[in-house]
Structure formats: C-alpha cells, structure tokens
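Here's the structure, in structure tokens; my notes come after.
Residue numbers (our numbering): 5 to 648.
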C-alpha cells in the first residue's frame, strides 16, 4: 500500500511536472503567436490607414484641380498643393514602413503616374505667370489609375488583417478547450495544478483583451478616438438600410472645419491636431446618446442621427456650430451640410452626396453655417452609384445615338437646318441626354460625353443634303476643359464632309462656367469658322450677361419660357425683351419647343412685334408641332402648320 502510494505520488508528481511543462510551453507558444499576429495586424492596420490617407489626398487633389480649372484662386491652388503634398507624404511613409511589394508599388507610381502632378504644377505656374501652356492637363483617368493601384494593396491588407483576427479567434477557441482539459486534470491534482490553472486563465483573459483592442483599433481614429472612415461607411450602410426597411427617420451631417489649413500653416500641425481633438470633444458633448460620430478624414467629420427629422437634427447641429464658434481655439468655425435619408431611396451613396452638396452650399454662403439639402435649392444634384456607373459604361462603350429635328424659317417656310440631338440607349437606364450630362457634370466627364455625342453626329453628316445648317450642342464645361480646341472641332466636322461654316454650335446658358471663359472660347470658335447659338435663353441666370458679352449668330428661346408667355403678361414681356435684345445684338431668334397651335400663335404674335406690327423679330421655329426628332433627315417639304 505504501509502495502504491509512493508510486502514485511519483506518477502524480510526474503528471504535475508534465502539466506544468505543457502549460509553460503552451503559454510561451501562445504569447509568441499572439505577439507576432498582433504586430502584423497593427502594422497592416497602420499601412492600411496610410493607403486610405493617400487615396483621400488623391481624391482631394482631383477635386481641387477641377475647382482650380473652373475658377482659379489662391485658395483652390493651395488646396491642390496641400492635397498633393499629403499624397506624397503618405506614399513616402508607405515606402519606408511597407513591404517590398508596397515599395515596388510606390516606385511604380513615382515612375508612371506621379509625373502628372509635376505637369499640373507647371501648368498652374504658366497660368499664374501668363505664359503659354505647352503641357496637357492629365484627365481624371490618371487619378482613377492611382486610386485603383492604391486600392489593391489596401484591400489585400484588410483581408490579411481579417485573416489574422480570425487566427486569433481560432487560437482563443483552442485556448478554451485546453482550459477545459487542464481543469479536468486539476480535479485529480487540484492543489498541485491550481496555480497553473490560474496563470493560464489570466493569459486567456489577456488574449481576449488584446483581441478586443485590435477590433476596436481597426475602426477607430487614433487622433480623436472617434470612429474612422471605414467605421463610418459600414455604420452608414447599416443605418440607411435599416431606416429604409422600417420607414424610420434618419439624418446625416457632414462637417468641415473652416480655415483649418490656416491653423496648420500659422500654428503648426500640433495645434491643428489639438483643434481636431477639440472638435471631437464638441461632437461627443452636443450630440445625442443614440448618435454616431466619426472623423472621416483630414478636417472632415460626420454624424449619423437615427430617429431624427430635420428639426431635431437642426437643433443638435446648431448647438454644435454655435458651441464651436465660442470654444474652438485660434478662430476656426464649422460648416455643416445635412441630408435627410427620405430623399435617397435607400442608397447611402446618394445620401453622402446630398450631405456633401449641402456642405458645399454652406461653404459658398460664407462658412460657419448649417445648410439642409433641398433638391430645388440650387445644391448640386446627387445620383445613385448605379446611374454614375451606367454613365461610365456608356462612355467606355461609346453608345450614344443621334436624332435630328428640323428647324424652319418663319419667313418663307424653308428648311433652315437640323438640330442634332443625343439619344441614350434604353439599356443604360438614363432618362435622356439632360440627365446624362448632369451625371457627367458630377463626374467631370462632360467633355468626354460631348465627344461621344459628336462622333455619333459626324458619322451621319454625309446624309445631309443641300446647303442647310447643322445645329449641334456643345457643353459649356467642354469650353472650359483643358482638351478644348476649336481647330480640332473644325477638323472633326470637316472629316465628316461638313465645313464649320455650316455648323451652329449651341451653348446653353444653364451652367456655372464663368462668362469670360465662354467668351474667350466663342472667340476661338468664330475664328475656326463656326457659327454660335445661345441655347435655353430665359432659363438660366447668365442670359443677359451672355448676350451682352458673347457675340452669337442665333438666340434660341427655351420652350418653358414660351409656354409661360401664353397666358401671362409678364411672360410675354420677358419673351419680347429677349427678342429685342437679340435684334440689337444682330442675332437671329429661334423659337424652340413649339408643341401646339397656341404656342405657334404666340410665336407669330412675337414675330410680328407684339401689338405693334414691325419687322419680323423671330426668324425660325422648331418643335414637335413642326417635326419630331428622327433618325431620318427631313426632305425639305414644310409642314402645313407653317402656313399663315
């Protein structure tokens, strides 16, 4: 019995030693594995954030470039330079801390894509010095390529981080199983194994804490402690889907720190970081318990406000804005754009665009303001991602058709010419050319869509007989694009067998392109032999200034203006003012969009000089009453509706 006890004791001691050895080896192995995996996840997260920083800077540079090209100012130039410097700094950080694949990617970008930035800066310098521009401004495809190249390693790192987190979770599961086994052995050797079990349990708790810390770090902005851009996109997608599914209220606010660059430039980045932390504190102080707050990048923040309508969100955001104006150091204020999810049809991309548009409007109003997105308030339109992708596909495939509508001389009922109208195939689900150009404007692709439309028109020019005119639309944004060349346009039409002298290029007054830019471009078009028409007259804000400063051969009165004048005295006065102004400017007037006999009678009344019969003041007319757009050209036989 004594022998058995001694033997059992030795066996127990041996088992105890083996247990301790096994626990020690397991703890060492788990510690090394957790440390290495945690280090890899943290490094991947840091590099991933740097990639996000670089992509955000590239997008900011592209936006600043477009703004500078439209309306060059020191501020837009400064935003462009700042975004470029931020992108280069991020790429430098990736090259220093990344893997060999990261360094190879950065070197390839420096060699293939980034020289375009130096080209842009040379062009800006030439513009500022008044020197001739010999370089071509890179198009948006350059930025798209850079973003695409940066997205691949960023996505790979995120996948790697997710795999590592899954590994940690698997290890944790294994740890739990081993804990159960150790506890089972502990039933036989309770006293001997108690210390080991407690030590192992402590290690398991530590691993749980590290895992939770890694999960939190992946979705947290390190400077402010708020959710980061990735967390914002994920939460916004969930909240929009939930609100749309359950018909609940939801508001989104996008916030920008006004004059933040001045704080950095004047006081240094340390002070700028302090301002950002102060803004984060204000967000936590003034928002409701159920709201979600994020720093989405740079000096931009976002708030998701569930179960809030416009009034409730307005109260929260006004308190926030006023609190910021009183408490932020060094004078920065907050501009806030707000959008209601009820206007986005369950599309979080549209909701972000609407909030961004309202934020842009707040900036235009002088900053330190809160603006709610209202589709009719002049804010930039927002479009679902599917629509924008369809427009990109349409441009890639060049699938624009052309239809032609006759324009008739009012004096002798002869055929003056045809207007070439763009037609979008049904498969792209874009309701008409006006929507297509609105989406293209949002994407900065108006010049590309114009070129696709002209290609469809030029392909049909050989079918036009006689010596009639061709009226073709030209977006004002094409006139301000770096690729604009009047001589190149003339060559396009000449290649189709149509001299520019027979082409009337229609330029709409519905745009934000500066009148001096249009004036200069029209001068080039005239020099190349084109005639020019001012289109949609009476619907925009720049009509009189355009008529005053831009010499044109034709003025086209918009259909809506004519309709409003049928029964409205002020509407008739507006039409008479347009034709009188055009007559003094030496331009011929075309009444556009004549759809019925009442509109035709109005046109004849205006052509006769209104109540005082004078010389004809309207020279030509077009519209559904006189001929629908068609793929076939009109033979020249006038419609009976032209008869007096």
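The C-beta atom is built at its ideal place from N, Cα and C for all residues, glycine as well. Model, not experiment: these values are computed from the prediction.
Proximal residues to residue i (C-beta, below 8 Å), its chain only, five neighbours per side dropped
i	result
residue 638	408, 410, 419, 422 and 631
residue 503	497 and 533
residue 18	none
residue 50	101
Beta-carbon proximity list for residue i, same chain, < 6 Å, skipping 5 on both sides
i	result
residue 490	528, 529 and 532
residue 311	253
residue 403	429
residue 684	This structure cannot speak to residue 684, because the chain is shown only from 5 to 648.
residue 296	239 and 308
residue 230	284, 297, 298 and 299
residue 382	With a pLDDT of 48 at residue 382, under the threshold of 50, the predicted position of this residue should be treated as unreliable, though the coordinate-derived value follows. None.
residue 257	307, 321, 340 and 342
Length of the line joining the Cα atoms of residue i and residue j
i	j	result
residue 367	residue 634	45 Å
residue 564	residue 601	15 Å
residue 440	residue 517	18 Å
residue 80	residue 304	17 Å
residue 285	residue 228	8 Å
residue 137	residue 127	6 Å
residue 22	residue 36	21 Å
residue 538	residue 281	52 Å
residue 554	residue 526	7 Å
residue 204	residue 44	Residue placement at residue 204 is poorly supported in this model, since its pLDDT is 47, which falls under 50; the coordinates still yield a value, given next. Each residue's Cα considered, the two are about 24 Å apart.
residue 511	residue 641	28 Å
residue 327	residue 273	23 Å
residue 588	residue 558	12 Å
residue 53	residue 276	19 Å
residue 513	residue 542	8 Å
residue 267	residue 93	19 Å
residue 316	residue 336	25 Å
residue 556	residue 607	21 Å
residue 549	residue 104	58 Å
residue 287	residue 225	14 Å
residue 374	residue 347	18 Å
Option in the options with minimal Cα separation from residue i
i	options	result
residue 446	435, 568, 361 and 242	361
residue 488	610, 506 and 522	522
residue 457	476, 323 and 322	476
residue 212	237, 246 and 170	170
residue 357	370, 371 and 342	342
residue 88	62, 74, 106 and 107	62
residue 581	55, 611 and 91	611
residue 645	622, 598, 623 and 636	598
residue 399	350, 607 and 460	460
residue 540	561, 52 and 524	561
residue 593	392, 628, 551 and 572	551
residue 86	64, 267, 96 and 95	64
residue 350	379, 624 and 249	249
residue 244	120, 46, 344 and 414	344
residue 520	232, 74 and 67	74
residue 142	121, 133, 135 and 132	121
residue 392	442, 135, 372 and 401	442
residue 401	417, 431, 372 and 271	431
8 Å Cβ cutoff met for residue i and residue j
i	j	result
residue 320	residue 291	yes
residue 359	residue 387	no
residue 279	residue 324	no
residue 454	residue 474	no
residue 146	residue 111	no
residue 100	residue 448	no
residue 481	residue 524	no
residue 260	residue 339	yes
residue 406	residue 427	yes
residue 584	residue 576	no
residue 414	residue 579	no
residue 566	residue 595	yes
residue 140	residue 494	no
residue 509	residue 444	no
residue 95	residue 67	no
residue 462	residue 436	no
residue 372	residue 251	no
residue 265	residue 82	yes
Contacts around residue i, its chain only, beta-carbon distance under 7 Å, and the 5 residues preceding and following it disregarded
i	result
residue 234	223
Any C-beta of chain D under 8 Å from that of residue i
i	result
residue 571	This model lacks chain D altogether, as it is built from one protein chain only.
For this session: Could you name each continuous beta strand (DSSP E) segment of 3 residues or more that falls completely within the segment 478 to 526, going from the start of the chain to the end?
Result: 507 to 512
Problem set entry | 3-residue-minimum beta strand (DSSP E) runs that sit fully inside the segment 228 to 311, ordered along the chain | 254 to 261, 296 to 301 and 304 to 310
Exercise. Going along the chain, which unbroken runs of the beta strand (DSSP E) with 3 or more residues stay wholly within the segment 312 to 394?
Worked result: 338 to 344 and 374 to 376
For this session: Enumerate, from N- to C-terminal direction, the unbroken alpha helix (DSSP H) stretches of 4 or more residues contained entirely within the segment 574 to 600.
Result: none
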